[in-house]
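Heads up, the thing below is written out as structure tokens.
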Amino acid sequence: MATVEFIPAAPKIIGELGRDNWALQHQPTVLAAIRREQPVDTGNMRFQTTAVYPARPYGTNGWVIRFVARTHYSLINHEGRGWVYPIRAKALRWVSKSGAVVFAKRSRPVAANRWFPRAFRSLGLNNVQEYRVTVNNTPRR
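Heads up: the sequence shown at position 65 corresponds to 783 in my numbering, and the numbers run straight through without jumps.
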């Protein structure tokens, strides 16, 4: 799950309008930009990407809006991954898009496709703090 939190870049202008109103009015615009930048295969990742309602976390002064991609493969797609090797078998097995069964000794790395920062830059939001989720992919023995 890839999670991005951003703090608006123009506190003087936003302060005049009120942070509550700014967040509620611009949340759909930011969410639409994120969905526009996401890769599309079946459209499931775009459907599962949501905006968590504004909250003021304990111990912070800034307003935080959280955008979350909730699919199980969104973190790998966003951050990329390295080589994949079989652990409990002699080969990896998957079904390709054409329906053919594929066996391989290893799978190549996948480059990162960082759509969250790209979406924020397209809207002119430069003061963005990104919090990455670490995932432990080590197998249990």
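Here a beta-carbon is modelled for each residue, glycine too, at the ideal position from N, C-alpha and C.
Nearest neighbour of residue i, chosen from the options [CA to CA]
i, options, result
"Glu-797", "Gln-745, Val-758, Pro-835, Leu-843", "Pro-835"
"Arg-806", "Ser-816, Ala-818, Lys-823, Arg-799", "Lys-823"
"Arg-826", "Arg-799, Ala-769, Tyr-791, Thr-768", "Arg-799"
Alpha carbon of residue i to alpha carbon of residue j, nearest angstrom
i, j, result
"Ala-751", "Ala-830", "18 Å"
"Leu-742", "Phe-785", "13 Å"
"Glu-734", "Pro-746", "At Glu-734 the pLDDT is 45, less than 50, meaning the model places this residue with poor confidence and gives no usable figure here."
"Leu-841", "Ile-783", "15 Å"
"Arg-754", "Gly-761", "11 Å"
"Trp-801", "Val-828", "8 Å"
"Ala-769", "Ala-818", "37 Å"
"Ser-816", "Tyr-791", "20 Å"
"Asp-759", "His-744", "27 Å"
N- and C-terminal bounds of the alpha helix (DSSP H) containing residue i
i, result
"Leu-843", "Counting along the chain, Leu-843 falls outside any alpha helix (DSSP H), and DSSP gives it neither H nor E."
"Ser-792", "792–797"
Bridge partners - residue i, DSSP secondary structure assignment
i, result
"Thr-768", "Val-786"
"Val-802", "Ser-825"
"Arg-860", "Since the displayed the chain opens at 719 and closes at 859, residue 860 lies outside it and no answer follows."
"Leu-810", "Ala-822"
Close Cβ partners of residue i (< 8 Å) along its chain, the five nearest in sequence each way excluded
i, result
"Pro-757", "Met-763, Asn-795, Asn-831, Trp-833"
"Ser-814", "Val-820"
Same chain, Cβ closer than 6 Å to residue i, five either side skipped, listed in chain order
i, result
"Gln-766", "Arg-788, Thr-789"
"Arg-811", "Phe-821"
Where the beta strand (DSSP E) containing residue i begins and where it ends
i, result
"Ala-818", "No beta strand (DSSP E) holds Ala-818; DSSP gives it neither H nor E."
Other residues of its chain near residue i: CB distance less than 7 Å, five sequence neighbours each side excluded
i, result
"Asn-803", "Checking the sequence, you will find Tyr at residue 803 rather than Asn. The answer, listed in chain order, is Arg-824."
"Lys-808", "none"
Near the ligand NAP: residue i beta-carbon under 8 Å from a heavy atom
i, result
"Met-763", "With respect to the ligand NAP, the structure shown offers nothing to examine, as it has no ligands at all."
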